[in-house]
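Using the numbering used here, the first residue of the sequence shown is number 7, and each one after it goes up by one.
Beta carbons: idealized from backbone N, C-alpha and C, even for Gly.
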Amino acid sequence: MHLKQIECFVNLAETLNFSRTAEYLFVTQPTVTHQINTLEDELGLKLFVRTKRKVDLTPAGLSFYNDMKEILTKTNIAIAKAKHYAHTFESNLAICYEGNVEVQHLPDILKTFNKTFPNVHVYLKMADFREKRNLFTSHDFDLIFAVRESIEDLSDIGFVELFRAKFVCVLPTDHPLSAKPVIAIKDLCEDSLILLDPLKCPTEMARVQKKIQMQCPSATVYFSDHPLITYTMIKGNLGIAVMPDFVCPEDSALAIVPMDIDDTISYGIAWHQKNDRKEIKGFVAITRETYQD
7 MHLKQIECFV NLAETLNFSR TAEYLFVTQP TVTHQINTLE DELGLKLFVR
57 TKRKVDLTPA GLSFYNDMKE ILTKTNIAIA KAKHYAHTFE SNLAICYEGN
107 VEVQHLPDIL KTFNKTFPNV HVYLKMADFR EKRNLFTSHD FDLIFAVRES
157 IEDLSDIGFV ELFRAKFVCV LPTDHPLSAK PVIAIKDLCE DSLILLDPLK
207 CPTEMARVQK KIQMQCPSAT VYFSDHPLIT YTMIKGNLGI AVMPDFVCPE
257 DSALAIVPMD IDDTISYGIA WHQKNDRKEI KGFVAITRET YQD
């Protein structure tokens, strides 16, 4: 088993599409097929069920994917560290976050950090809240941007709040509720609702969604894997959604209206307190100053 096989396997497990995997890896589709067949032969396992119409992971394939995606991430970090240590970099800083909408000021933070610490190599990774937490607790990442509630049960963690977010309703601009200054949960009862998958969203989001479902028991509910998918569904008139305001992109086709919900979300940057490297302290300080400005 070698790195190319692992890359092919992990990407195919995520796309479930041989042609998309081949395009992403800049190889031919027969090459992807060969890598997967060889891997299955070496392991003596069937990792995928393939038909003319679809590709699915087998239970063994899903188990293998859950372990191998972390191994691939660690391997890529190790390779990046080795390459850059061989050149001009003195150390490496690994940072994990969920998306560019949430961390709007990250480009400015990186510019300032690079001027202050030119010999530190920065590695960035996007991950959902669950994967991000796992990578952080296993010390694969030095810093994560996260909501406080998702990491407050961890020990020896430092956290700086960057802002406090409120909940808003995201809906098409021509929706009747878009003209209201504030929307109450009871106003949503006659609409189809698009909710984030409870298994893939932070606790505070799941809690608010449960409150909405309890107060709107007859509403039709769709579930989404990611906020970006939610926005596509809203623009497709499948329903409306309640989201934290900091994940809402600017979009002329969507209206964003404050919700009459008291819950707020504390969002910030977290690090391991025992890791007292100057570049970590520096990145935290630059991030705090950027958001204060």
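Whole-angstrom C-beta distance between residue j and residue i, which should lie under 8 Å
{"i": "Gln11", "j": "Thr39", "result": "With 8 Å as the limit, Gln11 and Thr39 do not qualify as a contact, their Cβ atoms being about 12 Å apart."}
{"i": "Gln41", "j": "Cys14", "result": "4 Å"}
{"i": "Ser198", "j": "Ala225", "result": "7 Å"}
{"i": "Pro178", "j": "Lys217", "result": "23 Å between Cβ atoms; not a contact."}
{"i": "Gly274", "j": "Leu168", "result": "5 Å"}
{"i": "Phe135", "j": "Glu104", "result": "6 Å"}
{"i": "Arg294", "j": "Val214", "result": "The Cβ separation is near 27 Å, so there is no contact."}
{"i": "Leu141", "j": "Ala133", "result": "6 Å"}
{"i": "Asp148", "j": "Asn281", "result": "6 Å"}
Start and end residues, beta strand (DSSP E) containing residue i
{"i": "Ser97", "result": "Ser97 to Tyr103"}
{"i": "Leu272", "result": "Checking the sequence, you will find Ser at residue 272 rather than Leu. Segment Thr270 to His278, the beta strand (DSSP E) holding Ser272."}
{"i": "His127", "result": "Val126 to Met132"}
{"i": "Met239", "result": "Run containing Met239: none in the beta strand (DSSP E); it sits in the alpha helix (DSSP H), Pro233 to Lys241."}
{"i": "Ser230", "result": "Val227 to Ser230"}
{"i": "Leu199", "result": "Leu199 to Leu202"}
{"i": "Ala261", "result": "Leu260 to Pro264"}
{"i": "Phe24", "result": "Taken as a continuous stretch (DSSP letters only), Phe24 belongs to no beta strand (DSSP E), being part of the alpha helix (DSSP H) at Phe24 to Leu31."}
Boundaries (first-last residue) of the alpha helix (DSSP H) holding residue i
{"i": "Glu210", "result": "Thr209 to Gln221"}
{"i": "Val248", "result": "Careful: Val248 lies outside any alpha helix (DSSP H), inside the beta strand (DSSP E) at Ala247 to Pro250."}
{"i": "Asp292", "result": "Note that residue 292 is Ile in the sequence shown here, rather than Asp. Looking at the DSSP string, the run of the alpha helix (DSSP H) that includes Ile292 is Lys284 to Gln298."}
{"i": "Leu9", "result": "Leu9 to Thr21"}
Of the residues the options, the one placed nearest residue i, counting alpha carbons only
{"i": "Ile101", "options": "Ile83, Asn17, Asn243 and Val253", "result": "Ile83"}
{"i": "Leu194", "options": "Gln110, Cys222 and Ser161", "result": "Cys222"}
{"i": "Lys80", "options": "Glu108, Leu9 and Ser69", "result": "Leu9"}
{"i": "Leu51", "options": "Asn98, Arg213, Val33 and Tyr71", "result": "Tyr71"}
{"i": "Ala276", "options": "Asp266, Lys287, Thr270 and Glu76", "result": "Lys287"}
{"i": "Val176", "options": "Glu167, Met239 and Ile157", "result": "Met239"}
{"i": "Ile5", "options": "His278, Phe289, Ala171 and Asp180", "result": "Outside the shown range of the chain (7 to 299) lies residue 5, about which nothing can therefore be said."}
{"i": "Glu108", "options": "His181, Asp251, Val188 and Phe54", "result": "Asp251"}
{"i": "Pro204", "options": "Val166, Glu196 and Gln219", "result": "Gln219"}
{"i": "Leu244", "options": "Leu201, Lys206 and Arg59", "result": "Leu201"}
{"i": "Glu76", "options": "Arg294, Val16, Arg56 and Leu31", "result": "Val16"}
{"i": "Asp62", "options": "Thr21, Thr209 and Lys186", "result": "Thr21"}
{"i": "Ile262", "options": "Asn125, Glu196, Asp282 and Ala185", "result": "Ala185"}
{"i": "Leu130", "options": "Thr122, Lys121, Asp146 and Leu49", "result": "Asp146"}
{"i": "Thr270", "options": "Tyr297, Pro255, Thr122 and Met211", "result": "Met211"}
Residue i burial status per 10 Å Cβ neighbour count (16 or more: buried)
{"i": "Gly67", "result": "buried"}
{"i": "Ser144", "result": "exposed"}
{"i": "His111", "result": "exposed"}
{"i": "Arg139", "result": "buried"}
{"i": "Ser156", "result": "buried"}
{"i": "Leu18", "result": "buried"}
{"i": "Ala190", "result": "exposed"}
{"i": "Ile85", "result": "exposed"}
{"i": "Ser230", "result": "buried"}
Legend entry - Segments assigned beta strand (DSSP E), at least 3 residues, entirely inside the segment 116-181: Runs of the beta strand (DSSP E) inside the segment 116-181: 126-132, 149-153 and 163-178.
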